[in-house]
Every structure is written in C-alpha cells, then in structure tokens.
Amino acid sequence: MAVHDSEKTTVRAAAPKDADAVAAIYNHFVLRTIVTFEEEAVSPAEIARRMDDVRTASLPWLVAERVGAVVGFAYATAWRTRRGYRYSTEVTVYVAPDEGRRGIGSRLYEELIPALQARGIHAALGGIALPNDASVALHEKFGFKKVAHFEQVGVKFDRW
C-alpha cells in the first residue's frame, strides 16, 4: 500500500525563518486568484510581522513541511476585537499551488483546531471567497457549516 502524501507531511509551529516560504505560497493566491482580497504581494517581513501578531495574541500559526520544504500554512486570528468575542477566531489555511489535494490542508486543520480548543476557543470561523470548492470541502470535512453568504462585498480583478 502506498503511503499517502499527508503521512509524509509534518506540522509544526511557524518560525520567523518560514516567512519567505509562507510569502511565496500566499503571494501566488494574492496575485492570481480571488481567494484572498489582498491585491498586492506581501513581503516576507510583513508575513513575519503578521506571524508575530498571531503569536502575541496567544494563537497558533502552523506550517506544513515535507522533505524540509514548507508546503502550506494555517493560523487563527481574533474574530472581532470586542471582549465578548474572545472565544472566537477566524481560521485561514493555504496550501502551495502544486501541493493541492494531498491532504496537507487536512493535516494543518488536524493540528490547528485541537490547538484552538486547548486554548479555550469555542468557535472557529472560516471566510471563503467563492467559487472555491476545495476550501468548502475542507471546511465541511472539519464540521464547519455555512451560516452566511455575503454577495458582492469585495472586488478583485474587476470582479465583485
């Protein structure tokens, strides 16, 4: 029986040294897709700053690694700033474009969600720009349920 790619993937806490690889993965989606509404490439220094913000908030930022290379990442941020939302987070996951459908997103969420639960997080929310069947399937696999559909709230590539 062949070993599934996700079994060769390790997940660990992100470190500042990962900023270049994370930026490369993320910037593919920034520059070529609508799955993020960021419109300009993000520098590794900015990624490192964002990682630090997540750590400072006592939330996890994880990377998936295979054969020494970062192939994906996932993290959580505060859902809202008001105190009543302190047990809710927004989760984000990205997998390198040539690494899709290998179980990497699942491996990341298998680590991220329990890490959030261990911190007392009650609700994790994911915002998905549609169409994005792979992301919808991943979130549904982990028990996320669609609760809203915001239409035309973001614009990118001259599309709402």
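Position one of the sequence shown corresponds to residue 2 (our numbering), numbered consecutively onward. Note that beta-carbon positions come from the ideal geometry of N, C-alpha and C, so glycine has one too. Predicted model only: the values in this text are computed from it and were never measured.
Next on the checklist: Rounding to the nearest angstrom, what Cα-Cα distance links V4 and I105 in this structure?
Outcome noted: Low per-residue confidence applies at V4: pLDDT is 37, beneath 50, and the placement is therefore not dependable, though the value from the model is reported in the following sentence. Taking C-alpha positions only, V4 is separated from I105 by approximately 14 angstroms.
Checklist entry - Just the Cα atoms here: how many angstroms apart are I48 and V23? => result Just so you know, the alpha carbons of I48 and V23 end up roughly 7 angstroms apart.
Checklist entry - Based on Cα-Cα distance, which residue from R87, G128 and K147 lies nearest to G121? => result Ranked by how close their Cα comes to the Cα of G121, the residues R87, G128 and K147 have R87 in first place.
Next on the checklist: Quick test of your reading: L139 and Y110, contact by CB under 8 angstroms. State the CB separation rounded to the nearest angstrom.
Outcome noted: The Cβ separation is near 7 angstroms, so the contact holds.
Checklist entry - Exposed or buried, V156, counting other C-beta atoms within 10 Å across all chains shown (16 or more means buried)? => result Taking a 10 Å sphere around the C-beta of V156, we find fewer than 16 other C-beta atoms and assign the residue as exposed.
Item to check | Distance CB(V36)-CB(A130) smaller than 8 angstroms | outcome: Going by beta carbons, V36 and A130 fall inside the 8 angstroms limit.
Next on the checklist: Within the continuous beta strand (DSSP E) that includes S59, where are the two ends?
Outcome noted: Judged by DSSP secondary structure, S59 falls outside any beta strand (DSSP E); it is assigned neither H nor E.
Next on the checklist: Tell me the rounded alpha-carbon separation between K146 and G127.
Outcome noted: Cα-Cα distance, rounded: 9 angstroms.
Checklist entry - Who does L131 pair with in a DSSP beta bridge? => result According to DSSP, L131 bridges with nothing at all.
Checklist entry - Does DSSP put E39 in a helix, a strand or coil? => result Of the three classes helix, strand and coil, the one that applies to E39 here is coil, per DSSP.
Checklist entry - How about L113 and A77: are their beta carbons less than 8 angstroms apart? => result Against a cut-off of 8 angstroms, the Cβ pair of A77 and L113 comes out as a contact.
Checklist entry - So is T82 buried or exposed if we call it buried at 16+ other beta carbons inside 10 Å? => result T82 comes out exposed.
Checklist entry - DSSP on F30, reduced to helix/strand/coil? => result It is helical.
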